[in-house]
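*Asks:*
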Amino acid sequence: MSGLTAVIVALLPRMAFAGRNALRDVRTGVQPGNKTRLVIETSERPSYSLSYAPNQLTVTLSNTAANSSLAPAMASGTLVTAITQVQSGDKLQIIANLSKPIDAIPRDNILLLNPNGDNDYRLVLDFTAGSGVGTATATTTTTAKAAKTTPARKYVVVIDAGHGGKDPGCIGKGGTQEKTVVLSVAKKLKTKLDAAGFQTYLTRSNDTYLKLAHRASIGEQKHADLFLSLHANANPSRAMKGFSIYTLSEKASDEEAAKLADAENAADKIDVSGFEQFDKDIRIALSSLQQHAVAEMSVEYANGAASAFKRANIRQQPGPDVRHAPFAVLRSTVPGALLELGHLSNADEEKLLKSAAHQNKLVDAIVKSVRTYNFDV
Ligand SMILES: [Zn+2]
Numbered sequence: 002m003s004g005l006t007a008v009i010v011a012l013l014p015r016m017a018f019a020g021r022n023a024l025r026d027v028r029t030g031v032q033p034g035n036k037t038r039l040v041i042e043t044s045e046r047p048s049y050s051l052s053y054a055p056n057q058l059t060v061t062l063s064n065t066a067a068n069s070s071l072a073p074a075m076a077s078g079t080l081v082t083a084i085t086q087v088q089s090g091d092k093l094q095i096i097a098n099l100s101k102p103i104d105a106i107p108r109d110n111i112l113l114l115n116p117n118g119d120n121d122y123r124l125v126l127d128f129t130a131g132s133g134v135g136t137a138t139a140t141t142t143t144t145a146k147a148a149k150t151t152p153a154r155k156y157v158v159v160i161d162a163g164h165g166g167k168d169p170g171c172i173g174k175g176g177t178q179e180k181t182v183v184l185s186v187a188k189k190l191k192t193k194l195d196a197a198g199f200q201t202y203l204t205r206s207n208d209t210y211l212k213l214a215h216r217a218s219i220g221e222q223k224h225a226d227l228f229l230s231l232h233a234n235a236n237p238s239r240a241m242k243g244f245s246i247y248t249l250s251e252k253a254s255d256e257e258a259a260k261l262a263d264a265e266n267a268a269d270k271i272d273v274s275g276f277e278q279f280d281k282d283i284r285i286a287l288s289s290l291q292q293h294a295v296a297e298m299s300v301e302y303a304n305g306a307a308s309a310f311k312r313a314n315i316r317q318q319p320g321p322d323v324r325h326a327p328f329a330v331l332r333s334t335v336p337g338a339l340l341e342l343g344h345l346s347n348a349d350e351e352k353l354l355k356s357a358a359h360q361n362k363l364v365d366a367i368v369k370s371v372r373t374y375n376f377d378v
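Numbering (our numbering), first residue to last: 2 to 378.
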C-alpha cells in the first residue's frame, strides 16, 4: 500500500450538482504486463473525456455528481498515488496523481462495460509508465485532442410530433392540420439528425394519438439528452405570424404563454387517465436541484434554437425569444423545448408550413440548434 494514498473531495463551495449520473466507485488494480487499471463505476453510461498533465491523468465525466462518501479502493503496485474528485459545474473531474508520467492511453486500452450482476457501468482504463512525451506539454495539440475524446455514446434526441389520431391540433383556414405538418417535419428532422451522428427516436411515426405523459415518458425511457416537441400555432388574429419557443416552468412567463400551454395541454382532455399518476411520480423523482439543472439546460437549448431560427431568416412571433409555461409534455427529467414552428391560422404561413422547402428550412435550423447545444454542460 502506498503511503502517498490520499482521498480528497474538493467540492466547489456554491452547491453540489445533482447530476443525472452518479459516481458509484473508483478503484485501481494491477494487470498482467505491469499495467495499472483504473476503474470508474457510474450509475448511467458515462460521457467522458481524458486529459493529461505531467504525472497526472484526468477523467472528466459529464453531468455527474461527486460522491463525497466514496473511498477509492487503491491496490498496491499501481502508478496511481492519489485520487481526487473535483466538481466543476455539472462536470466531475476524477484526477489520478501518478508516480510516473504516462503517454495518452490508446483507444484499445479503454473499455466501457455495461452493467452486469454486481456492477454498474464501468469505464476501464489500462496504462503503463511511458515517456509522457506529448502529455507533459499541456498546451500541445495532443492535450487538446485528448480533451476532445469522442463521447462513449451518441447523444440521444427524442422528437415529438405534437397531436395525432383523434387530436388534429390546430387547423388552418385551408384545412391544413397541425398533426400532419409536425409529423412531416419530425420525420425530416429525424433523418437529418441521424445523418449528423445523433441517436434519435420519434414519439410517433404515424397518425396516432398519444397521451402527453406517454410522450414525456419516452424521453425518460430512451435516456434522452434532449426532448423536442414540435407544434404549429393558431391565433385569433389571422395576421399573427412567426415561430415561438417555450420551455417548462410551473408559472407561465406571460398570459399568451399560459393560454398556449392550456391549449396544448387540452390534448389530454380527450383522455385524461394516467397523467396525474405520472405527474406525481416525476415530482417525487425530481429534486429541486435537478429541476433547476433541467430548466437551465432547457433554456440554454431554447435560446440557441431561437438564434438558429433567426439566423435562418425564419419569421419570429413578436415577443421574447424564449417563453415559459407549464406544458405537460415537457414535464420530465430530460431537458427540452416546445417549438411552435409558425401560425397555421395565418394564410401565408399555412402555405409555407405545408411546403417541403420551408419544412426543410425549419429542419436545418433545428439541426443547427442541436449541433450547437452543449450537451456536456
Ligand atoms: Zn400543438
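Cβ coordinates follow ideal geometry from the N, Cα and C atoms, glycine included.
1) Examine the Cβ distances between the segment 337-355 and the segment 117-126 and report whether three or more of them are shorter than 8 Å.
2) State the DSSP-derived secondary structure class of Thr-59, mapped to helix, strand or coil.
3) For ligand 1, which residues count as neighbours when the test is a C-beta closer than 6 Å to any heavy atom?
4) CB Val-81 to CB Ala-97, shorter than 8 Å?
5) Rounded to whole angstroms, what is the Cα-Cα separation between Tyr-374 and Pro-73?
6) So, with DSSP's three-state summary, where would you put Lys-193?
7) By how many angstroms is the C-alpha of Ala-294 removed from the C-alpha of Arg-332?
8) Please report how far the alpha carbon of His-359 lies from the alpha carbon of Asn-304, in whole angstroms.
9) Return the bridge partner residues of Glu-42 from the DSSP annotation.
10) Using a Cβ-Cβ cutoff of less than 6 Å, which residues in the same chain neighbour Ile-172 once the five nearest sequence positions on both sides are dropped?
11) Hey, quick one: how far does the beta strand (DSSP E) through Thr-373 stretch, first residue to last?
12) Over the uninterrupted beta strand (DSSP E) stretch that includes Leu-51, give me the two end residues.
13) Report yes if the C-beta distance between Asn-22 and Thr-43 is below 8 Å; otherwise report no.
14) Tell me whether Lys-369, by its Cβ, gets closer than 7 Å to a heavy atom of ligand 2.
15) Could you compute how far the alpha carbon of Val-60 sits from the alpha carbon of Leu-99?
16) Can you tell me whether Asn-304 is helix, strand or coil according to DSSP?
17) In three-state terms, what does DSSP make of Ala-139?
18) When burial is assigned at 16 or more other CB atoms within 10 Å of the CB, is Arg-379 buried or exposed?
19) Give me the Cα-Cα distance between Val-200 and Thr-192, rounded to the nearest whole angstrom.
20) Please list, in chain order, all residues of the same chain as Arg-216 whose beta carbon is under 6 Å from its beta carbon, the five residues on each side excluded.
21) Pull up the CB-CB distance for Leu-51 and Ala-67, whole angstroms please, since I reckon it's below 8 Å.
22) My understanding is that Arg-372 touches Ala-225, with C-beta atoms under 8 Å, so please give their C-beta distance in whole angstroms.
23) So Ala-306 packs on Ser-370, CB below 8 Å; how close in whole Å?
24) So what does Ala-309 bridge to, in DSSP terms?
25) Considering only residues of the same chain and omitting the five flanking positions on each side of Glu-351, which have a CB-CB separation below 6 Å?
26) For chain C, is any of its Cβ atoms less than 8 Å away from the one on Ala-130?
27) What are the boundary residues of the alpha helix (DSSP H) that includes Arg-216?
28) Starting from Asp-263, follow the alpha helix (DSSP H) in both directions and report where the run begins and ends.
*Replies:* Working from what's here:
1) With the cut-off at 8 Å, the segment 337-355 and the segment 117-126 do not touch.
2) The DSSP-derived three-state label of Thr-59 is strand.
3) The set, ordered by position in the chain, is Gly-163, His-164, Gly-170, Glu-179, His-232 and Glu-265.
4) Against a cut-off of 8 Å, the Cβ pair of Ala-97 and Val-81 comes out as a contact.
5) Going by the C-alpha atoms only, they are around 34 Å apart.
6) In the displayed model, Lys-193 falls within a helix according to three-state DSSP.
7) A straight-line Cα-Cα distance of about 13 Å links Arg-332 and Ala-294.
8) Taking the straight line from one Cα to the other gives about 21 Å.
9) Glu-42 is bridged by DSSP to Asp-26 and Arg-123.
10) Closer than 6 Å at Cβ, skipping near neighbours: Gln-178.
11) Thr-373 -> not in any beta strand (DSSP E); alpha helix (DSSP H) instead, spanning 357-373.
12) Taken as a continuous stretch (DSSP letters only), the beta strand (DSSP E) holding Leu-51 covers 49-54.
13) Going by beta carbons, Asn-22 and Thr-43 fall inside the 8 Å limit.
14) What this structure holds is ligand 1, not ligand 2.
15) Roughly 13 Å separates the two Cα atoms.
16) Looking at Asn-304 - three-state DSSP - the assignment turns out to be helix.
17) Because the pLDDT at Ala-139 is just 37, under 50, the model does not fix this residue reliably, and the point stays unresolved.
18) Summary: the structure shown does not reach residue 379, with the chain confined to residues 2 through 378, and so no result is reported for it.
19) With the sequence shown as reference, residue 200 is identified as Gln, and Val is not the correct amino acid for it. Cα to Cα, the separation comes out at about 10 Å.
20) Asp-161, Thr-204 and Val-330.
21) In fact, because the Cβ distance is near 18 Å, the residues do not count as touching under 8 Å.
22) Actually they do not touch by this definition, with Cβ atoms about 16 Å apart.
23) About 4 Å separates the Cβ atoms of Ala-306 and Ser-370, confirming a contact at the 8 Å cut-off.
24) The partner list for Ala-309 (beta bridge, DSSP) is empty, contrary to what the question assumes.
25) Answer for Glu-351: Gly-173, Gly-175, Thr-177 and Leu-345, listed in chain order.
26) Within the model displayed, chain C is absent; a lone protein chain is all it includes.
27) DSSP places Arg-216 in the uninterrupted alpha helix (DSSP H) bounded by 213-222.
28) 256-266 is the span of the alpha helix (DSSP H), which, as asked, contains Asp-263.
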